[in-house]
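Residue numbers (the numbering used here): 371 to 697.
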């Protein structure tokens, strides 16, 4: 256990050993000097390398120059700043960089913004990758931060009575929440002249799948108010949504060999499509409701039903943000 001690003069100090050999020891000492002005105190640092003498005393290994150094408070803080700004870049072999607290002049800032505002995003990405401008860990950090921001937005949206279009826009911007089995949302939504899905999606295997979402608010209940023979059963609204999803699956398969449809979906082929239906809330479910949900999903081989809380939980797990046991 580390213990802070106090001298007779009321100076707090903390000793530590940086390195110890058979005949020498390198020590470090913190000093906290309290001033009469209670609002101010100085923290100093002393580092020294000493010989171990036969009588158990210690003397500096060198006297000219002396092998010990005491940094005053302002020097010590400057050392902390120097290490925090420069250690990692120096360790990684970076030859030139700007410390984050160094102010850019207006011209440099505008030049940097102009580079990243380039409308040719593909060329910009290639330029960044080829010149290793952004380290991989920084890119991953930026992506994770953007995802966490999207999760906060999602949670705020759950507390508001929003139109379905707002949810469609959010999912289109944040298709990563749908999982790694989906590669991208296609621009085309129309299956035929009578059926328009929320999203047609290219799955990781290259084939076409469907995403359907319903608003989480309002009167769209997941279960009927009354149980049927002691069992939870889907509400009328959920049953309608399931029926609509299965019709979309049927119509997509009918259009699978249509040249016009294939062209509209960018030549993404359709073979045994699947659908994810996002419907309702599950944040206040009991264990019995969770079991009923599991049984309900097991009845469909090409349809998966998720609630908005399932989506939220998945998003948090993807970003390792406050994962919960169940929703």
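We put the CB at the ideal spot given by N, CA and C, even for glycine.
I'd like the span of the alpha helix (DSSP H) that includes residue i, first residue to last.
i: residue 443; result: 443-461
i: residue 633; result: 629-634
i: residue 496; result: 491-500
i: residue 559; result: Residue 559 -> no alpha helix (DSSP H), and no H or E assigned at all.
i: residue 581; result: Note, residue 581: premise wrong, no alpha helix (DSSP H); beta strand (DSSP E) at 578-583.
i: residue 665; result: 657-668
Check residue i in the structure and name its three-state DSSP category.
i: residue 595; result: coil
i: residue 405; result: coil
i: residue 544; result: coil
i: residue 695; result: Low confidence applies here, because residue 695 scores a pLDDT of 42, under 50, leaving its location unreliable and the question unanswered by this model.
i: residue 626; result: coil
i: residue 613; result: helix
i: residue 682; result: helix
i: residue 397; result: strand
i: residue 687; result: helix
i: residue 532; result: coil
i: residue 566; result: strand
Could you check where the beta strand (DSSP E) with residue i kicks off and where it finishes?
i: residue 390; result: 382-390
i: residue 527; result: No beta strand (DSSP E) contains residue 527, which is instead part of the alpha helix (DSSP H) from 506-528.
i: residue 554; result: 552-555
i: residue 590; result: Premise fails: residue 590 is in no beta strand (DSSP E) and is neither H nor E.
i: residue 601; result: Where residue 601 is concerned, there is no enclosing beta strand (DSSP E), given that its DSSP letter is neither H nor E.
i: residue 675; result: 673-676
i: residue 421; result: 411-422
i: residue 479; result: Premise fails: residue 479 lies in the alpha helix (DSSP H), 476-486, not in any beta strand (DSSP E).
i: residue 570; result: 569-573
i: residue 430; result: 428-430
i: residue 349; result: The question about residue 349 has no answer here: the residues shown for the chain are numbered 371 through 697.
Since residue i and residue j are thought to touch, with beta carbons under 8 angstroms apart, how far apart are those beta carbons, to the nearest angstrom?
i: residue 678; j: residue 586; result: 4 angstroms
i: residue 565; j: residue 618; result: 6 angstroms
i: residue 556; j: residue 571; result: 6 angstroms
i: residue 388; j: residue 399; result: No, residue 388 and residue 399 are not in contact; Cβ-Cβ is about 11 angstroms, not under 8 angstroms.
i: residue 413; j: residue 452; result: Rounded, the Cβ-Cβ distance is 16 angstroms, inconsistent with contact.
i: residue 578; j: residue 650; result: The Cβ separation is near 26 angstroms, so there is no contact.
i: residue 645; j: residue 672; result: 7 angstroms
i: residue 394; j: residue 423; result: Actually they are not in contact, since the Cβ atoms of residue 394 and residue 423 sit about 11 angstroms apart, beyond 8 angstroms.
Let's test the definition: count the other Cβ atoms within 10 Å of the Cβ of residue i and tell me whether it reaches 16, buried, or not, exposed.
i: residue 392; result: exposed
i: residue 548; result: buried
i: residue 633; result: exposed
i: residue 593; result: buried
i: residue 689; result: buried
i: residue 500; result: exposed
i: residue 686; result: buried
i: residue 484; result: exposed
i: residue 497; result: exposed
i: residue 542; result: exposed
i: residue 374; result: exposed
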